[in-house]
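As structure tokens, the structure follows; a few thoughts come after it.
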Amino acid sequence: MNSPLLTPYRSTALHLPNRTAMAPMTRARADDTTGVPTPIMTEYYTQRAAAGLIVSEGIWPHPLGKGGPGVPGLTESAHVEGWRRLTRAVHAAGGRIFAQLWHVGRVSHPDLLGGEQPVAPSAVAISHGQIFTAAGPKDYVAPHELSAAETAETVRSHATAARNAIDAGFDGVEINGAYGYLIAQFLSDNANLRTDGYSDRVRFAIEVVEAVAATIGADRTGLRISPGNPLLDIVESDPAPRYHRLLDALDGMGLAYLHVVQSGKYAALEDLRPRWNGTVVATCDGPEPGGRGQAERTLRAGLADVYAFGRLFLANPDLPQRIASDAPLNPMRTTGMYGGGAEGYVDYPRLSDGAGRGRTGVSPAR
Ligand SMILES: Cc1cc2nc3c(=O)[nH]c(=O)nc-3n(C[C@H](O)[C@H](O)[C@H](O)COP(=O)(O)O)c2cc1C
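Mapping of the sequence shown onto numbering that gives the first Met the number 0: position 235 corresponds to residue 234, and the numbering continues sequentially without gaps.
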């Protein structure tokens, strides 16, 4: 029970009853035609309100930023109204929730964008793999290179979506600069071949953060990064100097937090934590879900203030209570991970349901 995950966390921006965050997870249950959140999404997030902080699934801040069927948006008043119902329910259940703004850039397809071509820093397609569309998997296409004016408009769209997020009752916004999507494409060696000002690979990320912070306040703005992560054909040959420059530019702004996804060879948390004076949220990504033991070691080593669990929160809506009582964890099922209905989404038992206790659970420690 004596876990650092269960101690409160207070900063200027965040007042959290515990140090577990629910990591952003795309679950593809929004209305696919409109991008409006559906009632079952309210049920899903409300079930997880015991998290110190919920970070929502990725949400497109621009109509060209959508990366899959059923991914929600935040560009129109219908989106704002839909999210408002959801954030009210999460707050009524005692929770706090940030919206993750997720522009996928080249990781899309005309089928997902009303026939439009995906956009990216440069016209470089992902060389292998396929993207999931309503008509099944399709090959990636070459993206349209954003012009200077389009780049500026894309930056502004993040600020507008952030304003919409606050209007919709979110407590703040997390900008997704991780995992190979638009911001990570600008940060990369191989997806950004620009010769204009954006050949400075950190510039786009800084402009998006500055635009969002200027609109909703730095204390309601978080940024997620995954330095050195090669997903979706990204090459960052020497991540340390690039992320040092990024952090040096952002550290003085007073952001709500920096969310660092650590994976692979580069020990991002050890390297970056000493360079960041504000709050650090950590996620350790690998083939197995990040576990309680790893999270506690990360907090005890002073490498982060808050630990974000993805797959464990997906399968355990009451994760903090399970940690507190050393209860076994529900194993994650792959059914319903992306899209579908209630199965694999809102049917994971809580301890208070009287099910799941001591049956097929796995040990919470790793
Ligand atoms: C179903 C699923 C959907 C995800 N969607 C997102 C997303 O929308 N945005 C994001 O930044 N990361 C996303 N991730 C990555 C998680 O936030 C997290 O970094 C990863 O799962 C590693 O953490 P874990 O080991 O605790 O699961 C997703 C992960 C899963 C399993």
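A virtual CB, placed ideally from N, CA and C, is assigned to each residue, including glycine. Bear in mind the structure is a predicted one, so any value in this text is a computation, not a measurement.
Item: Given this structure, state the Cα-to-Cα distance separating E149 from R349, to the nearest angstrom.; Value: 46 Å
Item: Could you check whether the Cβ of A22 sits closer than 6 Å to any heavy atom belonging to ligand 1?; Value: yes
Item: Whole angstroms are fine: how far does the CA of D199 sit from the CA of Q46?; Value: 43 Å
Item: Taking a contact to mean a Cβ-Cβ separation below 7 Å, would you say L245 touches V201 in this structure?; Value: yes
Item: Quick check: what's the CA-CA separation for G338 versus D30?; Value: 10 Å
Item: Taking T19 as the reference, which of R223, V103, V54 has the closest Cα?; Value: V54
Item: For S55, does the three-state DSSP call read helix, strand or coil?; Value: strand
Item: Output needed for R274: all residues of its chain with C-beta closer than 8 Å, excluding positions within five of it in sequence on either side, in chain order.; Value: H243, L246, D247, D250
Item: With C-beta atoms as the reference, is I165 less than 7 Å away from L222?; Value: no
Item: Helix or strand or just coil, what does DSSP make of M21?; Value: strand
Item: Just to confirm, does T333 get its C-beta within under 6 Å of one of the non-hydrogen atoms of ligand 1?; Value: no
Item: Compute the Euclidean distance between the alpha carbons of G104 and E152, then round it to the nearest angstrom.; Value: 14 Å
Item: Kindly identify the DSSP beta-bridge partner or partners of E173.; Value: Q99, G221
Item: The beta strand (DSSP E) with Y43 in it runs from where to where?; Value: Where Y43 is concerned, there is no enclosing beta strand (DSSP E), although the alpha helix (DSSP H) it sits in stretches over 38-46.
Item: For V260, is the beta carbon positioned less than 6 Å from some heavy atom of ligand 1?; Value: yes
Item: Between L15, A294, T41, R9, which has its C-alpha nearest Y344's C-alpha?; Value: T41
Item: Considering only residues of the same chain and omitting the five flanking positions on each side of A92, which have a CB-CB separation below 7 Å?; Value: T45, A48
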